[in-house]
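Enquirer: Once you've had a glance at the structure underneath, I'll fire off some questions.
Numbering (this note's numbering), first residue to last: 96 to 266.
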């Protein structure tokens, strides 16, 4: 009986030390809509990672904030903080020009946050310069995957430590 108790105690202690998820990954989808001349961007990020990184970033700005993402106690300025975070860590130059991205909103699904952004009045893209540094200074093994769809080209990009920027032609 004593050995069963010790095994249960050790199992509980060890499992409490394991992170919520073993992979550090974000997924983004970038789609150019020809009819509306807009770029629709969707990000899927683990909520615990996002919350931890955003709170660290806000702390460097002198703001002690407890975001409590996805809870009834969520900070009232979360949308503003999310918009600022996205603008700082996901940058898109189209044909050499920066456009203002509009944060449309968020949804929570289990352990992930879905974040929606739109860039309006974008001419048909010929060149793209993309920077994706989500969570890079939080985890050494961070991987950010970006799938993109433009009329002339579809593909995927992978961003890791030391490689957070990629430029390419769409023609």
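Beta carbons are placed, not taken as given, at the ideal position from N, Cα and C, and that holds for glycine.
Pull up the distance between the alpha-carbon of residue 142 and that of residue 158, whole angstroms please.
Expert: Numbered from 1 along the chain shown, position 47 holds the residue referred to as residue 142. Numbered from 1 along the chain shown, position 63 holds the residue referred to as residue 158. Roughly 20 Å between the two C-alpha positions.
Enquirer: Might you give, ordered along the chain, the residues of its own chain that have their beta carbon closer than 6 Å to the beta carbon of residue 122, omitting 5 neighbours on each side?
Expert: Residue mapping note: residue 122 aligns to position 27 of the chain shown, counting from 1. Within the same chain, residue 122 has close Cβ partners 139, 240.
Enquirer: Mark residue 146 as exposed unless 16 or more other C-beta atoms lie within 10 angstroms of its C-beta, in which case mark it buried.
Expert: Start at 1 with the first residue of the chain shown, and residue 146 comes out as number 51. So residue 146 ends up on the buried side.
Enquirer: Is residue 149 near the ligand SAM - that is, is its Cβ less than 8 Å away from at least one heavy atom of it?
Expert: The model on display carries no ligand, and the ligand SAM is accordingly not part of it.
Enquirer: So, with DSSP's three-state summary, where would you put residue 234?
Expert: Counted from its first residue, the chain shown places residue 234 at position 139. Correct three-state label for residue 234: coil.
Enquirer: Comparing C-alpha positions only, which one of 262, 218, 264, 255 sits nearest to residue 120?
Expert: Counting from one through the chain shown, the residue named residue 120 turns up at place 25. Considering only alpha carbons, the answer is 255.
Enquirer: In chain order, which continuous runs of the beta strand (DSSP E) of length 3 or greater are located wholly inside the segment 187-263?
Expert: 196-204, 207-214, 222-227, 238-245, 248-254
Enquirer: Could you give the residue range of the beta strand (DSSP E) that holds residue 126?
Expert: Translated into positions along the chain shown, residue 126 becomes position 31. Segment 120-128, the beta strand (DSSP E) holding residue 126.
Enquirer: So, residue 148 versus residue 229, is the Cβ gap smaller than 9 Å?
Expert: Stepping through the chain shown from its first residue, residue 148 is reached at position 53. Stepping through the chain shown from its first residue, residue 229 is reached at position 134. Yes.
Enquirer: Please classify residue 203 as buried or exposed, where buried requires at least 16 neighbouring CB atoms within 10 angstroms.
Expert: Within the chain shown, residue 203 is the residue found at index 108, counting from 1. Exposed: under 16 other Cβ atoms inside 10 Å.
Enquirer: Which value, in whole angstroms, describes the spacing of the CA atoms of residue 238 and residue 124?
Expert: Residue 238 sits at position 143 when you count from the first residue of the chain shown. Residue 124 sits at position 29 when you count from the first residue of the chain shown. Looking at the two C-alpha atoms, the distance is approximately 14 Å.
Enquirer: Closest to residue 131 by C-alpha separation, out of 227, 213, 235, 261, would be which residue?
Expert: Translated into positions along the chain shown, residue 131 becomes position 36. Of the candidates 227, 213, 235, 261, 213 places its Cα closest to the Cα of residue 131.
Enquirer: What do you reckon, are the CB atoms on residue 195 and residue 173 nearer than 9 Å?
Expert: On the chain shown, position 100 is the one that residue 195 refers to. On the chain shown, position 78 is the one that residue 173 refers to. In this structure, residue 173 does not lie closer than 9 Å to residue 195 by Cβ.
Enquirer: If you run the structure through DSSP and keep just helix, strand and coil, what is residue 139?
Expert: Residue mapping note: residue 139 aligns to position 44 of the chain shown, counting from 1. DSSP places residue 139 in strand when its eight states are reduced to three.
Enquirer: Under the DSSP definition of a beta bridge, which residues are partnered with residue 134?
Expert: Walking along the chain shown from the start, residue 134 turns up at place 39. The partner list for residue 134 (beta bridge, DSSP) reads 127, 214.
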